[in-house]
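Residues 359 to 925 in my numbering are what the sequence shown spells out, letter by letter.
Here a beta-carbon is modelled for each residue, glycine too, at the ideal position from N, C-alpha and C.
Inspection log for the structure reproduced underneath, given as structure tokens.
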Amino acid sequence: MKLFNQIKELYVKQKTIFFLFIGVLLIPNLFLFFTEPASLLVRFCNIIIPLSIYWLLLSSSSKPGKIIWLLLPLLFLGAFQLVLLYLFEESIIAVDMFLNLSTTNSSEALELLDNLWPAIIGVLVLYVPTLFIGILSIMKKEKLSSVFLYHQRKFALYILGIGLIFIGITCFTDKSFRIKNDIYPANVGYNIVLALQRNAFTRNYEKSSEGFLFYSLPEHINHKEKEIYVMVIGETSRAANWQLYGYNRNTNPKLSTVENLIHFSDVLTQSNTTHKSVPMLLSNASALHYDCIYQEKSIITAFKEAGFHTAFFSNQRPNHSFIDFFGKEADRHIFIKELVDDPDYNPSDNILLELLENEIRKGYQKLFIVLHTYGSHFNYQERYPLSAAYFLPDNISGAQIDNRQQMINAYDNTIRYTDNFLYQIIILLSQDDTHSAMIYASDHGEDIFDDKRKLFLHASPVPSYYQLHIPLILWMSNSYKESFPICYETANKNKDKAISSRNVFHTILSLGGIHTPYRNDSLSIVSPLFVETKRYYLNDHNQPKPFDDIGLKKEDFMMFKKAGIKH
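Right under this line is the structure:
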């Protein structure tokens, strides 16, 4: 008991608390020193400058507990940052991470949190006692002396001076260095501001896009046959696990037998986050010209203007993003999970087939339908019925590297289920002698503990090969192929060329014969005018970056080479 009281007395002394709080505040910076790929000089700046600021702040009060509670938002960001590092092993909290908080539904969030419990427990153990000690500091009669505080401020200013010298040297030697990008927590604060700005722009979309027109006109006016075009948006489906792309498992037993089907081998997504990648599939926005998304409407409106009946069916919940706005442009839009008053309602994608068939049976002369699937989104085992469990065992007890084989089995089952889903769409479109075509593209891929980095999920601030290489599949009916042979022949010629998700919008417009000033045939993979262009990735600050300048590692470039990806 005497020893306990001595320890207690030591750790509740204000001086001890003072230095303890400096250490706690600095922990994210210490982790970032080892995780970030910046130069050694930049990493030292990321220690010295924040250390001096924390030291100055804590020396502004005789009771450090008051300061630590005033810095509660900073502690929250520190906890968020540590969890992010646990999940992705590098990078600060990105703008997209904050936006993901507002566009991820509760069920998805719970699925993710279930697998972050070690990190969450760790930050609770770190920060909850810190706040408790802060209360003890406030309640104690003891205060830090003015002499002690004076010396601490003086020492902090010395450290700050050294830090400013380091900053000056860094600015001179590294032209890319920016405090708002490279010093934590200034960079996180800057990202919060950007996230708030983007959120405001998004919420104002209805007004900023009001009156927008594609000035669309139909080109297939000499063909009297019915036209049906189906765009299928995949979720978290990576090309590496598709049999069509050389995977050594039978994940595409149905599509492998389909005639008139073309799969494009060298396709990269422009973003590994759903709230950006899906809108770029649906619109003219791209990594090179992303900001047009705030003024322009989607491909659905382009087809509507050309006389098509349009429909948008989604197996995901609305999340106040551009996906919702674009979907609601359709003559008929349904978010399936909103039809049932049950937050745990989680149907498989095949439920979309019934809606598709019903829409086709209504007999529209011109029909354009978008199907937004749930595809291969984690938790994988919940994306297909028990009867579709082909690769076993697929029971995922936890997202851990020890369970990787079960996770791969479950993930491959989702790909096999998608294979059957797309096959059923093709069967539906083949039943009538119509000009019909289906295009499928995934929004992005996924990491599943694939190499020594032990990365998992997607939307990481620095992507990987597995998140970037996506499947893109095109099918045309015999009737369409006979009437527009150039489209099929050209697509075949382009199947191994360098393509990105940017090409999808222009390709669908070409397929549907939609003439608009916004269509660029040099970007359409079914047009003889198609030209391979340099591909770009939309980074966290919405800047276009070449794929060799986004932080990819040697493991990614090795996989690029293995898959035949040009970069």
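Cβ shell of residue i (< 6 Å), same chain only, five flanking positions each side left out
| i | result |
| --- | --- |
| residue 768 | 738, 739, 752 and 754 |
| residue 359 | At residue 359, the pLDDT of 49 sits below 50, so the modelled position is not reliable; the number obtained from the coordinates is stated separately. For residue 359, where only same-chain residues beyond five positions count, there are no Cβ hits under 6 Å. |
| residue 831 | 621 and 798 |
| residue 725 | 586 and 667 |
| residue 590 | 729 and 798 |
| residue 567 | 653 and 655 |
| residue 697 | none |
| residue 853 | 620 and 622 |
| residue 596 | 803, 804 and 824 |
| residue 722 | 667 |
| residue 502 | 372 and 420 |
C-alpha distance - residue i paired with residue j, whole-angstrom precision
| i | j | result |
| --- | --- | --- |
| residue 874 | residue 727 | 19 Å |
| residue 850 | residue 560 | 38 Å |
| residue 441 | residue 386 | 10 Å |
| residue 365 | residue 543 | Any reading at residue 365 is ruled out, since the residue's pLDDT is 48, under 50, leaving its predicted position unreliable. |
| residue 532 | residue 788 | 59 Å |
| residue 616 | residue 439 | 47 Å |
| residue 890 | residue 883 | 9 Å |
| residue 817 | residue 807 | 15 Å |
| residue 474 | residue 452 | 18 Å |
| residue 677 | residue 445 | 23 Å |
| residue 843 | residue 866 | 16 Å |
| residue 914 | residue 790 | 44 Å |
| residue 564 | residue 682 | 11 Å |
| residue 551 | residue 895 | 22 Å |
| residue 372 | residue 382 | 15 Å |
| residue 639 | residue 860 | 7 Å |
| residue 687 | residue 872 | 17 Å |
| residue 701 | residue 732 | 15 Å |
| residue 794 | residue 604 | 28 Å |
| residue 536 | residue 742 | 46 Å |
| residue 437 | residue 549 | 16 Å |
| residue 705 | residue 675 | 12 Å |
| residue 571 | residue 757 | 46 Å |
| residue 631 | residue 717 | 30 Å |
Cβ-based burial, residue i [other Cβ within 10 Å; buried from 16]
| i | result |
| --- | --- |
| residue 820 | buried |
| residue 905 | buried |
| residue 361 | Note that residue 361 scores 47 on pLDDT, short of 50, meaning its location in the model is unreliable; the coordinates nonetheless yield the value given after this. That one is exposed. |
| residue 719 | exposed |
| residue 500 | exposed |
| residue 647 | exposed |
| residue 845 | buried |
| residue 508 | exposed |
| residue 510 | buried |
| residue 545 | buried |
| residue 703 | exposed |
| residue 858 | buried |
| residue 649 | exposed |
| residue 455 | buried |
| residue 483 | exposed |
| residue 624 | buried |
| residue 476 | exposed |
8 Å Cβ cutoff met for residue i and residue j
| i | j | result |
| --- | --- | --- |
| residue 641 | residue 863 | yes |
| residue 421 | residue 496 | yes |
| residue 660 | residue 574 | yes |
| residue 813 | residue 447 | yes |
| residue 557 | residue 457 | yes |
| residue 707 | residue 761 | no |
| residue 792 | residue 582 | no |
| residue 827 | residue 629 | no |
| residue 528 | residue 426 | no |
| residue 784 | residue 765 | no |
| residue 848 | residue 735 | no |
| residue 921 | residue 893 | no |
Nonlocal neighbours in the same chain, by C-beta distance under 7 Å from residue i, ignoring five residues either side
| i | result |
| --- | --- |
| residue 918 | 823 and 925 |
| residue 406 | 517, 520, 521 and 524 |
| residue 748 | 771 and 774 |
| residue 391 | 401, 404 and 405 |
| residue 610 | 600, 601, 602 and 777 |
| residue 897 | 903 and 908 |
| residue 515 | none |
Nonlocal neighbours in the same chain, by C-beta distance under 8 Å from residue i, ignoring five residues either side
| i | result |
| --- | --- |
| residue 541 | 403, 404, 407 and 408 |
| residue 689 | 662, 667, 668 and 669 |
| residue 782 | 708 and 711 |
| residue 380 | 409, 412, 413 and 416 |
| residue 432 | 383 and 543 |
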